[in-house]
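*Asks:* Chains as they are written, first to last, in our numbering: chain A, 1 to 298; chain B, 299 to 952. We put the CB at the ideal spot given by N, CA and C, even for glycine.
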């Protein structure tokens, strides 16, 4: 089941072989942490992608709604909000490793008193995030003694992206806007410095938004800013808020945008915009499927 | 003054028009405007953006500005208060909270009934603030402080709800900031209808309203029903503010600035002020929005227009301050009220504190439900529980002590730590630390928030000690600094990234970041401050009796106020560093102390401190267990303790 979350199509035989290899693994694995708590969502994904289920993780209600993949088993204990995880519960669970990212530096002293921590950066201003997510796979793999799994995962991801790059080549003629609808008048836009923008680039598809990402609390980009590239397609990532649906449907400017008028709008299911490899590959899979199904290549 | 103001207004008008046509010209050169077809389907994208984006945006800016200007002018005339407007009176914040709640629990209602939702929130907030002001005959400072408190409550609830829902509520922040961008004429049409209706009603009400200004007796002799006129004007002003809130979100301080601008131009007659303030408001918001669009087209950053108008609020209040004739506030009746033997009351509080501590330490909640912990579990969890309990208790004590000092010092029962501006300063400092150092740890945040509160304190001190340091000036200077603080924070939230989330978390307040060292430090500070404050007992006994009495008793008025203000700044700063800018504890605990009979200065300070400790112990327990395993913001719980008290206070006769 190691890669199942990321590559549902992966043959079951390969997975079994992997599991068998794990059973006969050298002694070094015995010292690897086994009770892992994931405070950071990107780390949670990365851990699951390496085939390890944590004992506890944060904000699982929201994670299941926003990130969807990987599916988190019910056995995983919910640690509360990411911003203020429940330290007492974490203490009672007695993990032997806590996974965080530099966003949680504020809590680092408190967490260190409970268990050793591993902090890996995912989102650093000005650095492509997918590369960081890949580095995180290696770092976590080393820490868990799963170097081989990590290497296999990275190889599989590289292969998949290379493969899809070839298959999606026909879609590269049009630039793509990657947006998330905030309200009926504003969107958030993903540039090359975002996870989604990084993957779009790796798939060889040009991003219609050449500026930096506009993904903040506020949805800062008014709709008319999407009018610059008339030939573009618009990919809407994650559900449109209920209260914005009618407004957007009736919006004069939205309906006048060339991609909307000419039916080049694709909507994808919820994906965590601050995720790790799993979120990245979920985006790749949903996008490729939607593009092929929509078929505006010609 | 007046002679300078007219050219300035003319310049503002030219600048607003210039900015609009500059922006429009970038889209379609002016010469080609006549070629725009009437049929939408024949328009090019640029033409559609001009006709359905830029033009309605300018219209909405002017209409919203006019509505706010009219609302502010009506409120100022009604209350005879030059600093009243929908934002200072908490009306806009009430509308905002209503929209947040609706988005969360009834999103479908917002589609189509947005105005009604905003109106219900604005109406409730206005009702509370007016009821609070009633007891002190709508005295300006009390009104604004009540408005601020209602605003803080609404913001605390909004932040807690936002946090509890994760990123889904992100779009609300844009709403809060008040973005004016438009995609068609629907908003402009609705707003135009509402403003026109408001103008007609204002026209009908203006004569009786001006007569009210002549004094109750004069008005009654002309046969005006005072009660109904006042109510009608208040409802109209609230409805106008709610209409703007529903259409474009929170636009602060335009209602404050517009009448002030008109008066600076030399217009004094009340009816003329009410007639011209909407024009000034329209011009002001149009100009601000033009500047925002220019900024967005020339730099990468785009701000919602509302955050920009919010930035002018603080300085504007400071500028208006010397122009205010505040009434001298006499000692609050409660503070000189009945006195009972305090021995028994002390015994009750002192017994309740250990009970609360034991409850907090022994009772646990797990996924199975509530349970009593056994001794091994208690010992196991003690290292985690005592720091946050101690920190929360110390913060509660510090804030309550500060509240008690401020209330005695100013003789105003609405004074509390948020009001001297230190919490706002701490917030800016915290935000700056996060922005400058992406991976800021406890030390950086501590330094950031600490220096922020110190700077805020310095500004308030410098401003308030310039002339003679009257308590009202002091409170208003604090409010100004605070509103500037929250405006900066809102702007940072609008441009920030995932860090904004950290700012929101801190705003809610959480004691879980307390370590054993910081808890001990805070507790030590609490005890030291209490001791120091008790030394000032004589001052604090005399000060509520008023300036005259104090001076005749040989009190160094200025020095005593500066010393105590310094103490208050330190305590508030330290407490908010650890548990966020909590509201209400500093207001509520000293009040309860007075009601319980602790009226002498020494008893008042000591009992407020102890009550603050008790309330915060309870709040921490509640925040930890109510929605286990999700820790609720501590500030949310503290506000829950304070809000009902505020409303209960309304029922009491002065």
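The stretch 34–51 of chain A: which residues have C-beta closer than 8 Å to a C-beta of chain B, in chain order?
*Replies:* Correct list: empty, as no residue qualifies.
*Asks:* Going by DSSP in three states, residue 523(B) sits in which element: helix, strand or coil?
*Replies:* In this structure, residue 523(B) counts as coil in the three-state DSSP scheme.
*Asks:* I need the straight-line Cα distance from residue 538(B) to residue 318(B), nearest angstrom please.
*Replies:* In a straight line, the C-alpha of residue 538(B) is about 25 Å away from that of residue 318(B).
*Asks:* Once you ignore the five residues that flank residue 886(B) on each side, which residues in its own chain have a CB closer than 6 Å to its CB?
*Replies:* 940, 943.
*Asks:* Is the stretch 361–380 of chain B close to the stretch 493–513 of chain B, with three or more CB pairs under 8 Å?
*Replies:* Because the criterion of three Cβ pairs below 8 Å is met, the stretch 361–380 of chain B and the stretch 493–513 of chain B touch.
*Asks:* Could you tell me whether the Cβ of residue 479(B) comes closer than 7 Å to any Cβ of chain C?
*Replies:* The chain labelled as chain C is not found among the protein chains of the depicted structure, namely A and B.
*Asks:* Could you pull out every unbroken alpha helix (DSSP H) segment of at least 4 residues lying fully inside the stretch 397–450 of chain B, listed in chain order?
*Replies:* If we require 4 residues or more, the alpha helix (DSSP H) runs fully inside the stretch 397–450 of chain B come out as 405–432.
*Asks:* Go ahead and pull the three-state DSSP assignment for residue 617(B).
*Replies:* Helix.
*Asks:* Does the structure place the stretch 848–859 of chain B close enough to the stretch 660–671 of chain B that three or more beta carbon pairs sit under 8 Å?
*Replies:* No, they do not touch.
*Asks:* As a quick exercise: from 712(B), 389(B), 439(B), 432(B), pick the residue whose alpha carbon is nearest that of residue 422(B).
*Replies:* Residue 389(B) is the option with its Cα nearest to residue 422(B).
*Asks:* For chain B, is any of its Cβ atoms less than 7 Å away from the one on residue 243(A)?
*Replies:* It does: the Cβ of residue 243(A) has a partner Cβ on chain B nearer than 7 Å.
*Asks:* Any beta carbon from chain B within less than 7 Å of residue 80(A)'s own beta carbon?
*Replies:* Yes, residue 80(A) lies at the interface with chain B (some Cβ there is under 7 Å from its Cβ).
*Asks:* Starting from the Cα of residue 660(B), find the closest Cα among 673(B), 645(B), 585(B) and give me that residue.
*Replies:* Among 673(B), 645(B), 585(B), the Cα nearest to that of residue 660(B) belongs to 673(B).
*Asks:* Under 8 Å: do the stretch 692–704 of chain B and the stretch 858–869 of chain B share three or more Cβ pairs, one atom per stretch?
*Replies:* Contact between the stretch 692–704 of chain B and the stretch 858–869 of chain B is present, because at least three Cβ pairs lie under 8 Å.
*Asks:* DSSP three-state label for residue 667(B), please.
*Replies:* The answer is strand: DSSP assigns residue 667(B) an E or B state.
*Asks:* What do you get for residue 617(B), buried or exposed, if any count of 16 or more other CB atoms within 10 angstroms of its CB means buried?
*Replies:* It counts as exposed.
*Asks:* Can you grab the Cα-Cα spacing for the pair residue 594(B) / residue 509(B), in whole Å?
*Replies:* If I take the Cα positions, the gap works out to 47 Å.
*Asks:* With contact counted as at least three CB pairs below 8 Å, one residue from each stretch, are the stretch 101–120 of chain A and the stretch 805–814 of chain B in contact?
*Replies:* Judged by Cβ distances under 8 Å, the stretch 101–120 of chain A makes contact with the stretch 805–814 of chain B, as three or more pairs qualify.
*Asks:* Tell me the rounded alpha-carbon separation between residue 162(A) and residue 203(A).
*Replies:* When rounded, the distance between both Cα atoms is 7 Å.
*Asks:* Which residues of chain B have a Cβ atom closer than 7 Å to the Cβ of residue 251(A), listed in chain order?
*Replies:* Chain B residues near residue 251(A): 481, 482.
*Asks:* Quick check: the stretch 323–342 of chain B against the stretch 544–564 of chain B, are at least 3 beta-carbon pairs closer than 8 Å?
*Replies:* As far as the Cβ criterion goes, the stretch 544–564 of chain B does not touch the stretch 323–342 of chain B, which means the pair count is below three.
*Asks:* So residue 347(B) contacts chain A; which residues on that side make the cut at Cβ distance below 7 Å?
*Replies:* In chain order: 224, 227, 253.
*Asks:* Can you name the start and end residues of the beta strand (DSSP E) that residue 98(A) belongs to?
*Replies:* Note, residue 98(A): beta strand (DSSP E), 97–100.
*Asks:* When the Cα atoms are used, what is the spatial distance from residue 212(A) to residue 249(A)?
*Replies:* Straight-line Cα distance between these residues: approximately 27 Å.
*Asks:* What are the boundary residues of the beta strand (DSSP E) that includes residue 119(A)?
*Replies:* Its beta strand (DSSP E) spans residues 117–119.
*Asks:* How would you call residue 338(B), buried or exposed, if buried means at least 16 neighbouring beta carbons within 10 angstroms?
*Replies:* Its Cβ having fewer than 16 others within 10 Å, residue 338(B) is exposed.
*Asks:* What do you get for residue 374(B), buried or exposed, if any count of 16 or more other CB atoms within 10 angstroms of its CB means buried?
*Replies:* Buried, since its Cβ has 16 or more Cβ neighbours within 10 Å.
*Asks:* If I follow the unbroken beta strand (DSSP E) through residue 181(A), where does it start and stop?
*Replies:* Looking at the DSSP string, the run of the beta strand (DSSP E) that includes residue 181(A) is 176–183.
*Asks:* Quick one: list the residues of chain A neighbouring residue 417(B), beta-carbon separation under 8 Å, in chain order.
*Replies:* Those do not exist, as residue 417(B) stays about 17 Å from chain A at its closest Cβ, beyond 8 Å.
*Asks:* State the DSSP-derived secondary structure class of residue 548(B), mapped to helix, strand or coil.
*Replies:* Of the three classes helix, strand and coil, the one that applies to residue 548(B) here is coil, per DSSP.
*Asks:* List the endpoints of the continuous alpha helix (DSSP H) containing residue 358(B).
*Replies:* Where residue 358(B) is concerned, the enclosing alpha helix (DSSP H) stretches over 353–377.
*Asks:* Is DSSP giving residue 255(A) helix, strand or coil here?
*Replies:* The answer is helix: DSSP assigns residue 255(A) an H, G or I state.
*Asks:* At which residues does the alpha helix (DSSP H) containing residue 107(A) begin and terminate?
*Replies:* Run containing residue 107(A): none; DSSP gives neither H nor E here.
*Asks:* Using a 10 Å radius around the Cβ and a threshold of 16 neighbouring Cβ atoms, would you call residue 94(A) buried or exposed?
*Replies:* Flag for residue 94(A) reads exposed.
*Asks:* Looking at the secondary structure, which residues open and close the alpha helix (DSSP H) in which residue 202(A) lies?
*Replies:* 195–202 is the extent of the alpha helix (DSSP H) around residue 202(A).
*Asks:* I'd like to know if the stretch 236–247 of chain A and the stretch 180–188 of chain A are in contact, where contact means that at least 3 CB-CB pairs between them fall below 8 Å.
*Replies:* Touching, yes, given that three or more Cβ pairs across the two stretches are closer than 8 Å.
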